[in-house]
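Working notes for the structure below.
Chains as they are written, first to last, in this note's numbering: chain A, 1 to 353; chain B, 1 to 204.
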């Protein structure tokens with residue numbers, strides 16, 4: 001831009017004046033030093049357009065030297081601006097739109113459609129859905145997910161809200177706690193997520209039933225509940241999202257979390273973009289998962305809380321699974337008695353699917 | 001109000017590293033931190049050229065734009081400073097900086113980098129006392145009416161520091177004296193003196 005703009009006339013004037021002043025000031029004895037041709041002749045010839053083009057590209061030739069011990073990058077970090085623009089102009093606003101939009105859609109859905117109630121009264125007979133080990137891992141992963149999501153959102157958006165709200169002292173400890181929690185709990189989340197995915201993989205292989213399930217929008221389109229086995233199409237989708245995007249987020253997070261392995265600045269820029277896009281997307285979808293699992297449908301939360309679901313719920317949401325396991329249903333009183341007797345809540349009728 | 005800028009005249013830099021040493025000495029920075037560096041391109045070839053680089057105190061500073069804690073601020077003199085009490089050592093400023101200026105004292109697992117350190121244009125930083133300021137950020141020569149020591153001690157006056165207008169005037173004078181059609185920033189005969197690649201007084 002600068003190149004195409006000629007100097008304003010006033011500048012040329014200044015230049016000319018300077019030149020004149022120089023000529024006047026430099027009397028003949030001093031002339032030898034200021035002779036333009038002489039200095040031009042001895043000056044380094046090397047600063048060619050190619051040199052600057054190379055600098056601008058961020059590429060480094062074999063004869064690049066940097067006197068700083070730990071710095072082997074380049075003269076100009078050409079990708080820095082790309083990273084900044086991607087992060088600040090695309091990832092930040094669209095992440096907010098995705099998560100805010102999800103909140104809005106869920107809220108509107110809840111207001112208009114409301115909770116999905118059971119189609120018939122509860123039978124009072126219970127089926128084991130989630131054994132204790134799955135429940136423990138699920139809730140640990142879930143808690144970690146929420147902590148990581150909140151601290152991650154704080155790292156991306158917190159400065160626009162909390163600094164002016166609470167002042168520097170509170171904001172300082174808040175953001176520092178976010179970073180420490182994010183960096184130390186992240187790897188733990190990664191390990192537990194892999195264990196959880198491995199544990200429930202057997203329920204989540206896609207099949208033909210899921211296609212029909214998706215065609216009916218999981219029951220939103222048309223009447224009644226579409227067929228579903230132990231896991232329905234939506235649950236499987238969430239599983240595979242975590243098994244793909246989730247693992248990518250974990251992997252890119254590890255790249256950012258362990259700068260001690262010498263990965264380059266450019267690698268970390270891309271890891272950061274991938275991490276942010278994946279994590280914001282998963283957070284938005286997780287809101288849907290949380291909604292359906294809590295206030296969105298009657299009887300779902302107790303499956304993950306107590307391990308057991310009511311027969312009516314199983315019939316409604318997972319009719320094919322219900323057909324397989326209905327003979328194992330236990331009356332609630334019997335379950336309670338057994339739990340009290342054994343004292344540790346261990347499952348008696350074990351049929352996870 | 002002054003707009004403080006650095007400028008390194010690549011035609012004059014002799015790669016003596018005096019600026020690096022002066023900076024290290026003036027600011028007493030942590031072991032392993034070197035706020036200024038000298039880069040040499042085409043080392044050993046006829047086209048060899050050196051340039052001294054540190055924080056350039058950008059008008060539109062990328063570090064400020066990406067910092068999650070918002071710890072950067074700009075002084076009235078256009079100097080970009082940061083608050084080490086707020087810095088969490090996430091490294092984002094390093095990702096974004098065009099000049100590789102931000103440095104971290106550590107590079108440990110779990111992203112433990114310590115507080116970021118960079119050139120302050122010898123203007124210190126936010127602190128309760130002078131001692132604390134020196135401890136955290138190094139010298140505050142600007143408060144004493146002095147310019148950064150790196151430029152003050154540059155033996156060939158390749159490295160200039162000061163108000164953008166003044167720096168630009170000095171460089172323009174050199175260009176005129178040298179007689180290069182374009183201020184020796186390239187040897188392109190098409191380039192004219194009125195399309196200087198660098199003009200510190202122009203914004204954007």
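Virtual Cβ for every residue (Gly too), placed ideally from N, Cα, C.
As the structure is a computational prediction, the values presented were derived from the model and not from experiment.
Not a single C-beta of chain A is nearer than 8 Å to the C-beta of residue 80 (chain B). As the crow flies, the alpha-carbon of residue 56 (chain A) is around 41 Å from that of residue 165 (chain A). Not flagged as an interface residue toward chain A: residue 170 (chain B), since no C-beta distance is shorter than 8 Å.
Using a Cβ-Cβ cut-off of 8 Å, residue 42 (chain B) counts as an interface residue toward chain A, since at least one Cβ of chain A sits closer than that to its own. About 7 Å separates the beta carbon of residue 163 (chain B) from that of residue 4 (chain B), a gap short enough to meet the 8 Å contact definition. Pairing residue 80 (chain B) with residue 87 (chain A) gives a Cβ-Cβ distance that is not under 8 Å. Annotation for residue 231 (chain A): 203, 204 place their beta carbon closer than 6 Å to its own, counting only its chain and skipping 5 residues before and after.
For residue 50 (chain B), the three-state secondary structure derived from DSSP is strand. Taking every protein chain shown into account, the CB of residue 110 (chain A) has fewer than 16 other CB atoms within 10 angstroms, so this residue is exposed.
Using a Cβ distance threshold of 8 Å, residue 185 (chain A) and residue 140 (chain A) do not count as a contacting pair. In the same chain as residue 141 (chain B), and ignoring 5 residues on each side of it, the C-beta atoms closer than 8 Å to its own belong to 26, 122, 123, 147, 148, 149, in chain order.
Note on residue 130 (chain B): under 16 other CB atoms within 10 angstroms of its CB, so exposed under the neighbour-count rule.
For residue 179 (chain A), the nearest CB of chain B lies under 8 Å from its own CB, placing it at the interface with that chain. Note on geometry: alpha-carbon atoms of residue 229 (chain A) and residue 133 (chain A) lie some 21 Å from one another. Residue burial is scored here from C-beta neighbours: residue 264 (chain A) has fewer than 16 other C-beta atoms within 10 angstroms and is therefore classed as exposed.
Of all residues in the stretch 50–71 of chain B, only 51, 53, 62, 65, 66, 67, 68, 69, 70 place a beta-carbon less than 8 Å from a beta-carbon of chain A.
Straight across, the Cα-Cα distance linking residue 173 (chain B) with residue 283 (chain A) is about 58 Å. Among the CB atoms of chain B, one or more fall inside 8 Å of the CB of residue 269 (chain A).
Assigned with DSSP and collapsed to three states, residue 73 (chain B) falls in strand. DSSP assignment within the stretch 116–186 of chain B yields the following whole beta strand (DSSP E) runs of 3 residues or more, N-terminal first: 159–163. Under a criterion of Cβ atoms nearer than 9 Å, the residues of chain A adjacent to residue 98 (chain B) are, in order, 76, 77, 78, 80, 81. In terms of beta-carbon proximity, residue 25 (chain B) stays away from the interface with chain A, with every pair separated by 8 Å or more. Put simply, the stretch 313–322 of chain A does not touch the stretch 16–23 of chain B. Fewer than three CB pairs are less than 8 Å apart. Counted as a single uninterrupted DSSP element, the alpha helix (DSSP H) harbouring residue 194 (chain A) occupies residues 168–200. In the DSSP assignment, residue 325 (chain A) falls within the alpha helix (DSSP H) that extends over 319–325. Nearest Cα to residue 241 (chain A) within the set A:285, A:200, A:209: A:285.
For residue 269 (chain A), the CB contacts under 7 Å within the same chain, skipping 5 residues up- and downstream, are 79, 83 in chain order.
Look at the stretch 269–288 of chain A: the residues with a C-beta under 9 Å from a C-beta of chain B are 269, 272. When 7 Å is used as the limit between beta carbons, residue 87 (chain A) is near these residues of chain B: 66, in chain order. Residue 118 (chain A) and residue 124 (chain A) have their C-alpha atoms spaced approximately 13 Å apart. One finds 110 in chain B with Cβ atoms closer than 7 Å to the Cβ of residue 184 (chain A), taken in chain order. Boundaries of the alpha helix (DSSP H) around residue 21 (chain B): 18–27. Taking a Cβ-Cβ cut-off of 9 Å, the neighbours of residue 107 (chain B) in chain A comprise 70, 259, 260, 262, given in sequence order.
Burial state of residue 206 (chain A) is exposed, judged by a 10 Å Cβ sphere holding fewer than 16 other Cβ atoms.
Taking 8 Å as the CB threshold, residue 34 (chain B) lines the interface with chain A. Around residue 170 (chain B), the same chain offers 160 as residues with beta carbons nearer than 8 Å, after the five sequence neighbours per side are excluded.
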